[in-house]
Amino acid sequence: MRYISTRGEAPELSFEDALLAGLARDGGLYVPKSWPPIAPEAIAAFAGKPFAEVAVALLEPFVGGAIPRAELMGLARDAYARFGHPAVTPLVQIDRSLWVLELFHGPTLAFKDVAMQLLARLMDRVLAARGARVTIVAATSGDTGGAAIEAFRGSARVDAVVLFPHGRISDVQRRMMTTAPEPNVHAVAVEGTFDDCQALVKAMFNDLPFRDRLNLAAVNSINWGRIIAQLTYYFVAGAALGSPYRPMCFAVPTGNFGDVFAGYSAKAMGLPAERLVVATNENDILYRAWTTGMYTLADVVATTSPSMDIQISSNFERFLFEAAGRDAAFVRARMNGLRQSRSMGLGEAMVPYRAGFIAERVDQAAVADCIRRVKAESGYLLDPHSACAVVAARKTLTSQTQHIPHIALATAHPAKFPDAMEAITGERPTLPPRLAGLMTDPERIAVLPNDLAAVQRFVEGEAARRRGAAA
Ligand SMILES: *Cc1c(COP(=O)(O)O)cnc(C)c1O
Numbered sequence: 013m014r015y016i017s018t019r020g021e022a023p024e025l026s027f028e029d030a031l032l033a034g035l036a037r038d039g040g041l042y043v044p045k046s047w048p049p050i051a052p053e054a055i056a057a058f059a060g061k062p063f064a065e066v067a068v069a070l071l072e073p074f075v076g077g078a079i080p081r082a083e084l085m086g087l088a089r090d091a092y093a094r095f096g097h098p099a100v101t102p103l104v105q106i107d108r109s110l111w112v113l114e115l116f117h118g119p120t121l122a123f124k125d126v127a128m129q130l131l132a133r134l135m136d137r138v139l140a141a142r143g144a145r146v147t148i149v150a151a152t153s154g155d156t157g158g159a160a161i162e163a164f165r166g167s168a169r170v171d172a173v174v175l176f177p178h179g180r181i182s183d184v185q186r187r188m189m190t191t192a193p194e195p196n197v198h199a200v201a202v203e204g205t206f207d208d209c210q211a212l213v214k215a216m217f218n219d220l221p222f223r224d225r226l227n228l229a230a231v232n233s234i235n236w237g238r239i240i241a242q243l244t245y246y247f248v249a250g251a252a253l254g255s256p257y258r259p260m261c262f263a264v265p266t267g268n269f270g271d272v273f274a275g276y277s278a279k280a281m282g283l284p285a286e287r288l289v290v291a292t293n294e295n296d297i298l299y300r301a302w303t304t305g306m307y308t309l310a311d312v313v314a315t316t317s318p319s320m321d322i323q324i325s326s327n328f329e330r331f332l333f334e335a336a337g338r339d340a341a342f343v344r345a346r347m348n349g350l351r352q353s354r355s356m357g358l359g360e361a362m363v364p365y366r367a368g369f370i371a372e373r374v375d376q377a378a379v380a381d382c383i384r385r386v387k388a389e390s391g392y393l394l395d396p397h398s399a400c401a402v403v404a405a406r407k408t409l410t411s412q413t414q415h416i417p418h419i420a421l422a423t424a425h426p427a428k429f430p431d432a433m434e435a436i437t438g439e440r441p442t443l444p445p446r447l448a449g450l451m452t453d454p455e456r457i458a459v460l461p462n463d464l465a466a467v468q469r470f471v472e473g474e475a476a477r478r479r480g481a482a483a
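Residues 13 to 483 in my numbering are what the sequence shown spells out, letter by letter.
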């Protein structure tokens, strides 16, 4: 498989190069040149298979022989052995036609572990084969950073610097980034919002001399490796509930559009994901885009679901590319327009594509109600992100759609957001025992202004120190 940029002006890459590049040099995102089909019999056969086996079956067409199957299997088994549930991503039924897909059994209690644990192993494997090293810079609204630091800590070939918005994430989220003692991982609190952090990362990638000097790599959901590692749970859950013979509806708590784009990709490969529900909180740019056809930036507001407090959804560009019939010139023009005027029209071509999705905006009052109601009715405790998906799924569950299993993606464990949960339910959820030391381990943290030069100096300084230490 070869990979092309959504803006059409960067070279086509192999799987390994796309994995290491992250953002394309023309500012676009890499997508596969075509969607490899998964046959209906193969989807049916996923039912009951170990998670790692399904992951490898889905990875193979994208990796295209770059890593032999037996080795891929070893990496996948190793990645998913770190999860606290033998099914890795179990399904729990909470109502008629309504299931919760638990994606939070990894080491940092959020769905990002599912992809990051595998991505780190794939990157280490590719870097070892090339005798190369990279510096990862990543922006996080809370969960990516912890997942990245947890996945890459101790790697001999990777330095990782994670930028997060100072004071805007939970203590548990922060500690998952700041308590790793390994000198190759760094957490930086930026005095700004998540979108500021994301803009800093984009600016570092667009500074080509800096990018080349440090061999920058990305592990945000702009990295194609993240998306393909997220295909697995869509297929696993679909097969468990009757795919390919039965259609499904997936409701996805959405921020950067990476997770729901993985759902779209699964559909493009043959999973009958009849409806994909894009669930947003008050940061509702995607909801507005779907309902008005205009993608217009607004200010970020802080909510009880901070990992969705995002206005610039970076993976939306991949969707735009698909919906425009893979017209890179269209994407280039729209993205330039967006940069200049903070708004873009999606155009007529998008209408049928928008129809394959349903967008729902779920406010914090509805989230709190849902958490209390589900707890009272079934004893099940949802976190605020997962509750956004459950509210959105319930909105689309009508008498006409009762025959379709509705699967709400539960993207975080409630113990990751104890303050929000206590305010909503009156009780503080407890961390799983395997995270016992988290709240008392010493922290290591750098606070920096929202300033590109300051952040670049920090990244370069740390990378130089590590190279000095290695020499
Ligand atoms: C990252 C995250 C999301 C949003 O996922 P995207 O792929 O950015 O849309 C939702 N919930 C939680 C808990 C997250 O960590």
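Every residue gets a Cβ at the ideal spot worked out from N, C-alpha and C, and that includes glycine.
Being a predicted model, the structure only gives us computed values, none of them experimental.
Between residue i and residue j, what straight-line distance do the alpha-carbon atoms span, to the nearest angstrom?
i      : j      : result
Ala465 : Asp321 : 25 Å
Pro426 : Ala341 : 43 Å
Tyr42  : Val170 : 21 Å
Phe74  : Leu226 : 27 Å
Arg330 : Phe273 : 8 Å
Gln323 : Ile297 : 6 Å
Ala56  : Ser255 : 6 Å
Asp453 : Thr437 : 28 Å
Leu393 : Ala424 : 11 Å
Thr244 : Ala475 : 34 Å
Arg446 : Glu21  : 47 Å
Gln412 : Val138 : 48 Å
Ala88  : His418 : 28 Å
Glu83  : Leu71  : 12 Å
Met433 : Val126 : 24 Å
Asn235 : Thr410 : 36 Å
His117 : Val104 : 13 Å
Ala192 : His198 : 9 Å
Asn218 : Arg456 : 28 Å
Thr156 : Arg165 : 14 Å
Thr408 : Leu110 : 11 Å
Ala163 : Ala132 : 6 Å
Asp29  : Gln414 : 44 Å
Ala371 : Leu35  : 27 Å
Ile79  : Gly86  : 11 Å
The alpha helix (DSSP H) spanning residue i covers which residue range?
i      : result
Arg137 : 124 to 142
Phe12  : The shown model of the chain, from 13 to 483, leaves out residue 12, and the question about it has no answer.
Pro445 : Per DSSP, Pro445 belongs to no alpha helix (DSSP H) and is neither H nor E.
Phe74  : 63 to 75
Ser353 : 340 to 353
Met189 : 183 to 190
Going by alpha carbons, who is nearest to residue i out of the options?
i      : options                        : result
Val459 : Val471, Thr452, Gly449         : Val471
Val313 : Asn295, Tyr307, Met281, Arg186 : Asn295
Leu288 : Asn235, Gly349, Ser317, Phe369 : Phe369
Ile181 : Glu83, Leu450, Lys428, Asn462  : Lys428
Arg81  : Pro102, Ala127, Leu134         : Leu134
His485 : Gly449, Lys279, Glu203, Met260 : In the structure as shown, the chain starts at 13 and stops at 483, and residue 485 therefore has no counterpart that could be examined.
Ile240 : Ala252, Gln129, Arg338         : Gln129
Thr18  : Asp29, Ser109, Lys45, Phe27    : Lys45
Leu450 : Phe164, Glu28, Gln185          : Gln185
Phe333 : Glu372, Leu32, Leu31, Gly40    : Gly40
Arg373 : Arg300, Ser390, Gly143, Lys387 : Arg300
Leu175 : Asn348, Gly267, Ala201, Glu439 : Ala201
Pro48  : Asp207, Pro444, Phe328, Ala278 : Ala278
Glu389 : Gly34, Arg108, Leu25, Leu32    : Arg108
Phe222 : Val467, Arg479, Arg384, Cys261 : Val467
Arg37  : Glu53, Val379, Tyr15           : Tyr15
Determine the contact status of residue i and residue j, defining contact as a CB-CB distance below 8 Å.
i      : j      : result
Ala159 : Ala122 : yes
Leu283 : Tyr246 : yes
Ile161 : Met189 : yes
Arg346 : Met356 : yes
Ala485 : Val112 : The shown model of the chain, from 13 to 483, leaves out residue 485, and the question about it has no answer.
Cys400 : Ala310 : no
Ala150 : Ala69  : no
Val402 : Cys382 : yes
Ser317 : Pro265 : yes
Gly275 : Ser233 : no
Met13  : Gly96  : no
Ser319 : Gly154 : yes
Quick check on the DSSP output: the beta strand (DSSP E) that includes residue i runs from which residue to which?
i      : result
Tyr42  : 42 to 44
Trp47  : Counting along the chain, Trp47 falls outside any beta strand (DSSP E), and DSSP gives it neither H nor E.
Val290 : 285 to 292
Phe262 : 260 to 265
Glu21  : Neither: Glu21 is in no beta strand (DSSP E) and is coded neither H nor E.
His198 : 197 to 203
Glu455 : Glu455 -> no beta strand (DSSP E), and no H or E assigned at all.
Hey, does residue i have any beta-carbon neighbour from chain C nearer than 8 Å?
i     : result
Phe63 : Given the protein chain composition of this structure (a single chain), no chain C is represented.
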